[in-house]
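First up is the structure itself, then whatever we jot down about it.
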Amino acid sequence: MKRHKEALFTPLDKLESLDWKLRNEGLIRVLEIGVRTGVCLSSLDIWGENLKYYPRNSRVTLVDKNIYLQSYFEANPSRISHLKVERFMVSHGDDLRGVPSNSVDVVVATLVLCSAANVEAVLREIRRVLAPGGKYYFMEHVRERSPTSLRTVQHLLSASGLWPAVFDGCHLDRDAARSIERASFKDLSYKYVSVEDSRVPLLNLMKSHLIGSATK
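Oh and the sequence shown: position 183 is 176 in the numbering used here, straight run, nothing missing.
Following this line, the structure appears as structure tokens:
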């Protein structure tokens, strides 16, 4: 997973802000949805796992549905010491009111759409807050593309409500690529990768991942 994230976020180092004032100061504005990466398996929760990949010139807004978002980082300041946090927001990502339209250079969302109550609303909000030319970076676990027994299990566990009930709304059978393709982004680029975990076999139910970026 580490090497995939390194490849995904490397372009941030060369990114210039679309806001003239930030650009003149050598800064970029980043908004991350779902800061508590891994919420579908609470024992494996990792707060701010993506933040270490952000360049030091980042001004960030951190969005998560967990009400302890801000207090966690206040108690663990080293996790964000290299960044300037402009705002903490408690939200699922489908309601970013308070974030002006066309104001963000980058939106990052990893392992978010699987548990979103309204995937389309999340993607609409991402497009709204991004400045024209802004980038959306994503990594989502998705259903198996081939009609295998694993795909059948993913569907049954999700449709029955069992998996979402146990793992915080997570669905194993969502087609994130199709949703993103319909969201009217430009320059959409993605690939599928398999991320297997021998330490926690249960995680292999979500081994297929979609990784990529898109432009507003």
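From the three backbone atoms N, C-alpha and C, an ideal C-beta is built for every residue, glycine too.
Asked: Spatially closest choice to I60 from K45, R29 and E42, by CA coordinates; Found: R29
Asked: For H202: DSSP bridge partner residues; Found: H134 and V186
Asked: Alpha-carbon to alpha-carbon, S142 and V92; Found: 43 Å
Asked: Spatial distance of S172 from G205 (CA atoms); Found: 13 Å
Asked: Element boundaries [beta strand (DSSP E), containing S51]; Found: S51 to D57
Asked: Best match in M82, D166 and F66 for proximity to G41 [C-alpha to C-alpha]; Found: F66
Asked: Close beta carbons around T3, own chain, < 7 Å, minus the five adjacent residues each side; Found: none
Asked: Distance between beta carbons of M132 and L165, contact taken as under 8 Å; Found: The pair is not a contact, with the Cβ atoms about 16 Å apart (cut-off 8 Å).
Asked: For K77, the three-state DSSP class (helix, strand or coil); Found: strand
Asked: Continuous alpha helix (DSSP H) stretch holding A102: start and end; Found: Unbroken run through A102 is the beta strand (DSSP E), V97 to T103; no alpha helix (DSSP H).
Asked: G127, buried or exposed, once every other Cβ within 10 Å from all chains shown has been counted against 16; Found: buried
Asked: For V248, the nearest candidate out of I26, S51 and D98 (CA to CA); Found: Past the boundaries of the shown model lies residue 248; the chain is included only from -6 to 209, so the question cannot be answered.
Asked: With 16 other Cβ atoms within 10 Å as the buried cut-off, status of V32; Found: For V32, the predicted model reports a pLDDT of 42, less than 50, meaning its position is unreliable and no value from the coordinates is stated.
Asked: Outcome for V193 when other beta-carbon atoms lying within 10 angstroms are tallied against a minimum of 16; Found: exposed
Asked: Residues bridged to K128 (per DSSP); Found: V99 and T208
Asked: C-alpha distance - V115 paired with N17, whole-angstrom precision; Found: 31 Å
Asked: Contacting residues, own chain, Cβ-Cβ under 8 Å from H(-3) (five flanking each side not counted); Found: M132, V186, V188, H202 and I204
Asked: Contacting residues, own chain, Cβ-Cβ under 6 Å from R52 (five flanking each side not counted); Found: L20, R22, K77 and E79
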